[in-house]
Amino acid sequence: MNVRNIVDALIEAPVITSFTRIGYAVRARLDAWQPLGEYDLSGRVIVLTGATSGLGKAAAMQLAECGATLVLVGRDADRNEKAVAAIIESSGNPNVTQVAADMGDYEQVKALAYRVLAEHDRLDVLIHNAGALTPDRRTAPDGTEATVASQVIGPFLLTRLLLERLATTPQSRVLTMSSGGMYSSALTVSGLQMSEAEYRGTEQYARAKRAQVVLNEMWAERFGSLGIHFQAMHPGWASTPGVDASLPTFSKIMGPLLRSPEQGADTLVWLAADELPLRSNGGFWLDRRPRSTHKIPRTKSAETLDRRQRLWDWVSKTCGIDPALPDANPRAE
Ligand SMILES: NC(=O)c1ccc[n+]([C@@H]2O[C@H](COP(=O)([O-])OP(=O)(O)OC[C@H]3O[C@@H](n4cnc5c(N)ncnc54)[C@H](OP(=O)(O)O)[C@@H]3O)[C@@H](O)[C@H]2O)c1
């Protein structure tokens with residue numbers, strides 16, 4: 001183990017150093033990170049969900065500054081337009097548009113996919129960032145619990161509908177913003193949607209975030225051969241409107257240690273821009289390094305092949321996709 005790996009491992013063990021701005025600052029120096037502003041993404045088309053606030057907005061701003069063509073997704077057209085205007089004004093990049101879609105409403109997800117397919121003949125990066133921790137139980141239009149619908153099923157459907165376009169775009173990527181909160185939660189399919197009686201927002205969120213990471217690995221196993229790179233990540237703990245609203249006490253106590261939205265979004269932008277993530281598939285990242293998806297044995301042993309397959313089948317069925325997913329068209333070279 002070289003010194004840099006030893007220092008990184010020392011920071012990684014306690015979350016208080018790893019997840020906060022301490023981890024970000026030490027690792028940025030340790031690995032002499034390339035500044036994000038040096039990446040040129042001109043001509044690359046990127047679809048980014050959850051771009052009106054927090055990490056997504058910070059990522060969109062940086063990606064626009066790198067010259068990417070952006071399609072921003074959020075639930076409300078006015079909020080989206082405000083984000084588009086702010087990003088165009090600040091970056092000077094005019095190639096930023098928006099589509100209003102709730103990721104938990106599968107008809108809206110389909111409409112979003114068809115818009116992207118109609119308006120863009122390539123898709124370099126699809127970023128599933130939209131998400132929320134909801135204290136009270138809500139349901140999506142199809143009756144599915146809303147966290148699961150918007151952060152597991154909707155993104156799965158969007159990936160499927162855009163798969164062929166991704167497969168015909170060289171070096172394409174699908175990125176998923178998960179959470180370190182998933183470390184405490186084992187994969188469950190029967191318990192993925194918590195009932196009204198047992199519902200706790202933090203636990204429901206952790207279960208959905210675990211499912212996202214498992215599905216990311218499964219997409220990579222099944223469709224990595226098409227040249228599409230699937231990567232998931234977590235941002236540590238960043239100060240965003242979402243965290244302030246859903247975890248106000250945590251936000252207040254941890255305030256000075258929380259990362260800025262730009263710091264939380266750094267690895268997301270890097271995964272979209274750098275060559276290094278193209279050398280592997282199905283990884284889980286923090287601070288530009290791949291990380292383990294488990295910190296406790298209980299969560300690892302729960303991830304049986306059978307349970308993973310049942311997750312894939314259930315998610316496919318819920319959004320009306322054939323779980324066998326006939327192969328997408330082979331990549332055109
Ligand atoms: N901040 C952290 O420390 C932290 C830690 C771990 C993981 N994360 C993850 O990072 C992502 C961004 O979080 P954030 O902290 O930046 O939160 P945020 O400030 O609340 O931003 C969330 C974004 O997601 C969009 N969104 C929420 N639900 C949506 C839905 N159903 N359909 C479409 N868009 C939706 C929101 O847009 P509209 O409201 O305009 O629709 C907003 O742009 C989430 O996936 C979150 O779980 C954050």
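Under the UniProt record's numbering, the first residue of the sequence shown is numbered 1, with each subsequent residue one higher.
Don't be surprised by glycine CBs; every beta carbon is placed ideally from N, CA and C.
Small disclaimer: the values here were computed from a predicted structure and weren't measured.
Where residue i sits in the DSSP three-state scheme
| i | result |
| --- | --- |
| Gln-231 | strand |
| Trp-33 | coil |
| Arg-331 | Unreliable placement is indicated for Arg-331, whose pLDDT of 35 sits below 50; no coordinate value is reported for it. |
| Trp-314 | helix |
| Val-213 | helix |
| Ala-238 | strand |
| Phe-284 | strand |
| Val-47 | strand |
| Thr-134 | coil |
| Arg-289 | strand |
| Gln-263 | helix |
| Val-148 | helix |
| Gly-23 | helix |
| Met-103 | coil |
| Gln-193 | coil |
| Ile-321 | coil |
| Leu-123 | coil |
| Arg-173 | strand |
| Leu-187 | coil |
| Gly-74 | strand |
| Thr-97 | strand |
| Thr-139 | strand |
| Thr-304 | coil |
| Val-3 | helix |
| Thr-69 | strand |
Distance cut-off 7 angstroms: residue i Cβ against heavy atoms of ligand 1
| i | result |
| --- | --- |
| Thr-318 | no |
| Trp-237 | yes |
| Gly-131 | yes |
| Asp-121 | no |
| Ser-251 | no |
| Ser-53 | yes |
| Met-103 | yes |
| Thr-304 | no |
| Pro-241 | yes |
| Arg-79 | yes |
| Arg-75 | yes |
| Gly-56 | yes |
| Ser-260 | no |
| Gly-255 | no |
| Thr-49 | yes |
Sequence-distant residues of its chain with Cβ nearer than 6 angstroms to residue i (five each side left out)
| i | result |
| --- | --- |
| Thr-17 | Ile-11 and Gly-23 |
| Lys-295 | Tyr-183 |
| Arg-4 | Leu-30 |
| Ser-239 | Leu-258 |
| Leu-36 | Gln-62 and Val-269 |
| Trp-219 | Phe-230 |
| Ser-261 | The sequence given here has Pro at residue 261, not Ser. So the list reads Gly-54, Leu-55, Ala-58, Ala-238 and Thr-240, once near-sequence residues are dropped. |
| Asp-102 | Arg-75 and Gln-108 |
| Asp-327 | Note that Asp-327 scores a pLDDT of 46, beneath 50, so its modelled location is shaky; the value from the coordinates is reported in the next line. Cβ within range, chain order: n/a, list empty. |
Own chain partners of residue i with C-beta closer than 7 angstroms, once the 5 adjacent residues on each side are dropped
| i | result |
| --- | --- |
| Thr-134 | Ala-146, Thr-147 and Gly-201 |
| Pro-141 | Asp-105 |
Heavy atom of ligand 2 within 7 angstroms of residue i beta-carbon
| i | result |
| --- | --- |
| Met-194 | Ligand 2 is not part of the structure shown, which contains ligand 1 as its ligands. |
Contact set for residue i: own chain, Cβ-Cβ below 8 angstroms, skip 5 residues either direction
| i | result |
| --- | --- |
| Thr-20 | Gly-236, Trp-237, Met-254, Leu-257, Leu-258 and Arg-259 |
| Asp-76 | Thr-52 and Ala-100 |
| residue 382 | Nothing about residue 382 can be reported from this structure: the residues present for the chain run from 1 to 333 only. |
| Ile-88 | Ala-64, Pro-94 and Val-96 |
| residue 342 | Nothing about residue 342 can be reported from this structure: the residues present for the chain run from 1 to 333 only. |
Whole-Å CB distance - residue i paired with residue j, under 8 angstroms assumed
| i | j | result |
| --- | --- | --- |
| Phe-223 | Leu-163 | 7 angstroms |
| Val-214 | Arg-310 | About 11 angstroms; that fails the 8 angstroms criterion. |
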